[in-house]
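*Asks:* Before I ask anything, here is the structure I am working with.
Printed below as a string of structure tokens:
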């Protein structure tokens with residue numbers, strides 16, 4: 111019996127999409143779906159969505175819902191993790207407090223002070239998940255979607271190296287999808303390979319019929335001045351390889367853009383964008399709950415299948431797939447630090463997710479990645495050692511924060527965020 115456990119099932123829009131993808135595979139239409147959330151109303155909504163999705167697709171999964179995480183994990187084959195510790199209120203704190211210091215963020219979920227404190231809120235829950243999985247489903251695969259992806263996978267590799275954990279993110283796929291759409295090239299005719307760190311990997315190869323598509327992209331950028339008004343296009347023109355996350359994300363991982371008013375204007379950077387997105391997620395949750403409780407059909411149309419359903423299908427059926435995923439760097443990218451999480455091509459089949467070695471990244475790409483990795487390494491070490499100074503030091507080496515604030519401001523900001531998040535943080539780091 112295949113048991114798929116959803117942690118954070120109350121992220122109902124994402125859960126709906128995953129369920130639609132899962133139950134669209136003939137071989138997965140009779141699986142057991144074990145839903146878990148700590149919010150009773152959201153869990154109730156997730157269960158209603160699961161039952162409605164199954165009904166609309168003519169599938170017959172067994173569906174359970176539990177507020178008890180260990181009960182939901184018991185006997186799991188796969189565990190999909192989509193939790194957000196602190197929810198919208200914590201996100202607002204991560205933006206409003208730094209903004210008072212003059213620090214600009216766009217998404218705040220990967221590195222930067224927003225990413226650091228999101229990680230520190232998430233690590234204790236990850237440790238609990240790992241302990242529960244060791245007890246009741248030690249051979250299960252943990253498929254993590256929760257950000258900050260790289261820090262979370264690196265933390266899990268440190269505290270639970272025996273766990274089958276892999277981080278899944280759609281950024282590489284959608285980057286290639288959108289670039290192909292820009293050039294009018296069919297995606298299914300394109301070969302590509304990317305590597306780096308999550309939200310800052312690099313499109314190393316991108317070819318159609320054996321020929322690089324980069325010259326065609328160069329021509330499109332040259333012909334359209336508005337294309338040049340995006341952070342990713344600017345980074346590509348200067349570094350030579352396209353970064354695999356949105357301009358909103360990319361702008362806050364480097365020291366070059368957000369503290370210049372002129373750059374924000376030139377590159378149309380939406381400062382504070384994730385607060386708006388988070389508010390939109392709340393509204394979408396409310397609308398989805400109202401619709402499902404009113405008996406309305408769900409919109410199950412999907413333009414592409416998410417990675418987790420593909421991974422599960424491949425492991426269950428032996429169907430060979432290649433994806434890009436996040437794992438600990440054990441000889442995979444040789445000019446990035448060992449042990450931290452990297453995003454690399456992976457093969458998936460019945461044997462699991464198997465990462466492929468990339469070797470050295472182009473030196474300029476590795477140099478940019480190292481700033482990102484340093485923030486994550488110090489944040490993970492802060493949690494492992496229980497050392498509050500390492501939290502401040504992580505913020506000190508963060509590219510955007512260091513380019514904007516003095517060291518005294520950085521320490522004061524970390525003190526204020528620590529007090530604001532309080533009991534959500536590891537006890538040793540609340541000083």
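Numbering (the numbering used here), first residue to last: 111 to 541. All residues carry an ideal CB built from backbone N, CA and C; glycine is no exception. A quick note: this is a predicted structure, and the numbers were derived from the prediction, not measured.
Determine the closest residue to residue 534 out of 402, 503 and 235, with distance taken between C-alpha atoms.
*Replies:* On the chain shown, residue 534 is found 424 positions in, with the first residue counted as 1. Residue 534 has its Cα closest to that of 235, out of 402, 503 and 235.
*Asks:* Could you have a look at residue 424 and say whether DSSP puts it in helix, strand or coil?
*Replies:* Position 314 of the chain shown holds residue 424. Three-state result, residue 424: helix.
*Asks:* For residue 316 and residue 527, I'd like the C-alpha separation in whole angstroms.
*Replies:* Taking the chain shown and counting its residues from 1, the one referred to as residue 316 is at position 206. Taking the chain shown and counting its residues from 1, the one referred to as residue 527 is at position 417. Straight-line Cα distance between these residues: approximately 42 Å.
*Asks:* Please report the straight-line C-alpha distance between residue 352 and residue 343, rounded to a whole angstrom.
*Replies:* In the chain shown, residue 352 corresponds to position 242, counting from 1. In the chain shown, residue 343 corresponds to position 233, counting from 1. Those two C-alpha atoms are separated by around 7 Å.
*Asks:* So, under 8 Å CB-CB, residue 195 and residue 243 are touching, yes? Tell me the CB distance rounded to an integer number of Å.
*Replies:* Position 85 of the chain shown holds residue 195. Position 133 of the chain shown holds residue 243. Not a contact, Cβ separation roughly 18 Å.
*Asks:* If we count the other Cβ atoms within 10 Å of its Cβ and call it buried at 16 or more, is residue 360 buried or exposed?
*Replies:* Position 250 of the chain shown, counting from 1, holds the residue named residue 360. Per the 10 Å Cβ criterion, buried.
*Asks:* Does the Cβ of residue 345 have 16 or more other Cβ atoms within 10 Å, making it buried, or fewer, making it exposed?
*Replies:* For this step, residue 345 is matched to residue 235 along the chain shown. Answer is buried; the Cβ neighbour count reaches 16.
*Asks:* In angstroms with no decimal places, state the Cα-to-Cα distance between residue 260 and residue 479.
*Replies:* In the chain shown, counting from the first residue as 1, residue 260 sits at position 150. In the chain shown, counting from the first residue as 1, residue 479 sits at position 369. Their backbone Cα atoms lie some 12 Å apart in a straight line.
*Asks:* Cα-Cα, which of 398, 356 and 341 is closest to residue 372?
*Replies:* Taking the first residue of the chain shown as position 1, residue 372 is located at position 262. Cα-wise, what sits closest to residue 372 is 341.
*Asks:* Do you know whose CA, among 420, 536, 278 and 127, lies nearest residue 258's CA?
*Replies:* Taking the first residue of the chain shown as position 1, residue 258 is located at position 148. Checking every option, the nearest Cα to that of residue 258 belongs to 278.
*Asks:* DSSP beta-bridge partners for residue 303?
*Replies:* Residue numbering aside, residue 303 sits at position 193 when the chain shown is read from its first letter. Looking at the DSSP assignment, residue 303 forms a beta bridge with 315.
*Asks:* Roughly how far, in whole angstroms, is the beta-carbon of residue 323 from the beta-carbon of residue 349, given that I think they are within contact range, below 8 Å?
*Replies:* On the chain shown, position 213 is the one that residue 323 refers to. On the chain shown, position 239 is the one that residue 349 refers to. Rounded, the Cβ-Cβ distance is 17 Å, inconsistent with contact.
*Asks:* Which value, in whole angstroms, describes the spacing of the CA atoms of residue 115 and residue 369?
*Replies:* Numbered from 1 along the chain shown, position 5 holds the residue referred to as residue 115. Numbered from 1 along the chain shown, position 259 holds the residue referred to as residue 369. Those two C-alpha atoms are separated by around 42 Å.
*Asks:* DSSP has residue 277 in a bridge; who is on the other side?
*Replies:* Along the chain shown, read from residue 1 onward, the residue named residue 277 stands at position 167. Its beta-bridge partners are 254 and 436.
*Asks:* Between residue 370 and the ligand GTP, is there a pair consisting of the residue's CB and a ligand heavy atom that are separated by less than 6 Å?
*Replies:* No copy of the ligand GTP occurs in the structure displayed, which carries no ligand at all.
*Asks:* Taking only the alpha-carbon atoms, compute the straight-line gap between residue 446 and residue 303 and give it to the nearest angstrom.
*Replies:* Against the chain shown, residue 446 aligns to sequence position 336. Against the chain shown, residue 303 aligns to sequence position 193. Straight-line Cα distance between these residues: approximately 17 Å.
*Asks:* Of the choices 286, 239 and 536, whose alpha-carbon is the least far from that of residue 270?
*Replies:* Looking up residue 270 in the chain shown gives position 160. Checking every option, the nearest Cα to that of residue 270 belongs to 239.
*Asks:* If I'm right that residue 287 touches residue 273 with Cβ under 8 Å, what's the distance once you round it to whole angstroms?
*Replies:* To locate residue 287, count along the chain shown from 1; it is residue 177. To locate residue 273, count along the chain shown from 1; it is residue 163. The pair is not a contact, with the Cβ atoms about 31 Å apart (cut-off 8 Å).
*Asks:* What whole-angstrom Cβ distance do residue 124 and residue 419 have, given they're in contact under 8 Å?
*Replies:* Along the chain shown, one-based indexing puts residue 124 at 14. Along the chain shown, one-based indexing puts residue 419 at 309. Contact flag wrong, Cβ pair sits at about 12 Å.
*Asks:* For residue 176, which residues does DSSP report across the bridge?
*Replies:* Counted from its first residue, the chain shown places residue 176 at position 66. The partner list for residue 176 (beta bridge, DSSP) reads 146.
*Asks:* What residue does the beta strand (DSSP E) around residue 457 start on, and which one ends it?
*Replies:* By 1-based counting over the chain shown, the position of residue 457 is 347. Taken as a continuous stretch (DSSP letters only), the beta strand (DSSP E) holding residue 457 covers 451-459.
*Asks:* So for residue 378, helix, strand or coil by DSSP?
*Replies:* To locate residue 378, count along the chain shown from 1; it is residue 268. DSSP places residue 378 in coil when its eight states are reduced to three.
*Asks:* Buried or exposed for residue 224, please, with buried defined as at least 16 other CB atoms from any protein chain shown within 10 angstroms of its CB.
*Replies:* Against the chain shown, residue 224 aligns to sequence position 114. Per the 10 Å Cβ criterion, buried.
*Asks:* For residue 111, does the count of other Cβ atoms within 10 angstroms reach 16, so buried, or fall short, so exposed?
*Replies:* As a working note, residue 111 is residue 1 in the chain shown. Counting Cβ neighbours within 10 Å, residue 111 comes out exposed, since fewer than 16 surround it.
*Asks:* Would you kindly work out how many angstroms separate the C-alpha atoms of residue 512 and residue 470, rounded to a whole number?
*Replies:* Counted from its first residue, the chain shown places residue 512 at position 402. Counted from its first residue, the chain shown places residue 470 at position 360. So the two alpha carbons sit approximately 27 Å from each other.
*Asks:* Note down, one range per segment and in chain order, each alpha helix (DSSP H) of at least 4 residues found wholly within the segment 151-213.
*Replies:* 179-183 and 197-210
*Asks:* I'd like to know whether the C-beta atoms of residue 450 and residue 439 end up nearer to each other than 7 Å.
*Replies:* The residue given as residue 450 occupies position 340 in the chain shown. The residue given as residue 439 occupies position 329 in the chain shown. Contact flag set, yes.
*Asks:* What's the C-alpha gap between residue 496 and residue 529?
*Replies:* As a working note, residue 496 is residue 386 in the chain shown. As a working note, residue 529 is residue 419 in the chain shown. C-alpha separation (whole angstroms): 16 Å.
*Asks:* CB residue 308 to CB residue 453, shorter than 7 Å?
*Replies:* For the purposes of this step, residue 308 is taken as the residue at position 198 of the chain shown. For the purposes of this step, residue 453 is taken as the residue at position 343 of the chain shown. A contact, by the Cβ cut-off of 7 Å.
*Asks:* Nearest-angstrom Cα distance between residue 514 and residue 503?
*Replies:* Position 404 of the chain shown holds residue 514. Position 393 of the chain shown holds residue 503. Distance between the alpha carbons of residue 514 and residue 503: 15 Å.
*Asks:* What's the gap between the Cα of residue 521 and the Cα of residue 464?
*Replies:* For this step, residue 521 is matched to residue 411 along the chain shown. For this step, residue 464 is matched to residue 354 along the chain shown. So the alpha carbons of these two residues sit roughly 41 Å apart.
*Asks:* Could you give the distance in angstroms between the alpha-carbon of residue 176 and the alpha-carbon of residue 429?
*Replies:* Residue 176 sits at position 66 when you count from the first residue of the chain shown. Residue 429 sits at position 319 when you count from the first residue of the chain shown. Using only the alpha carbons, I get a separation of about 32 Å.
*Asks:* To the nearest angstrom, report how far apart residue 162 and residue 295 are at their CA atoms.
*Replies:* Locating residue 162 in the chain shown gives position 52, counting from the first residue. Locating residue 295 in the chain shown gives position 185, counting from the first residue. So the two alpha carbons sit approximately 37 Å from each other.
*Asks:* Measure the CB-CB distance between residue 186 and residue 247 and report whether it falls below 7 Å.
*Replies:* For the purposes of this step, residue 186 is taken as the residue at position 76 of the chain shown. For the purposes of this step, residue 247 is taken as the residue at position 137 of the chain shown. Yes, these two residues count as a Cβ contact at 7 Å.
*Asks:* Quick one: measure Cβ to Cβ for residue 138 and residue 426, integer angstroms, because I've assumed they're closer than 8 Å.
*Replies:* Numbered from its first residue, the chain shown carries residue 138 at position 28. Numbered from its first residue, the chain shown carries residue 426 at position 316. Right, their Cβ atoms sit about 7 Å apart.
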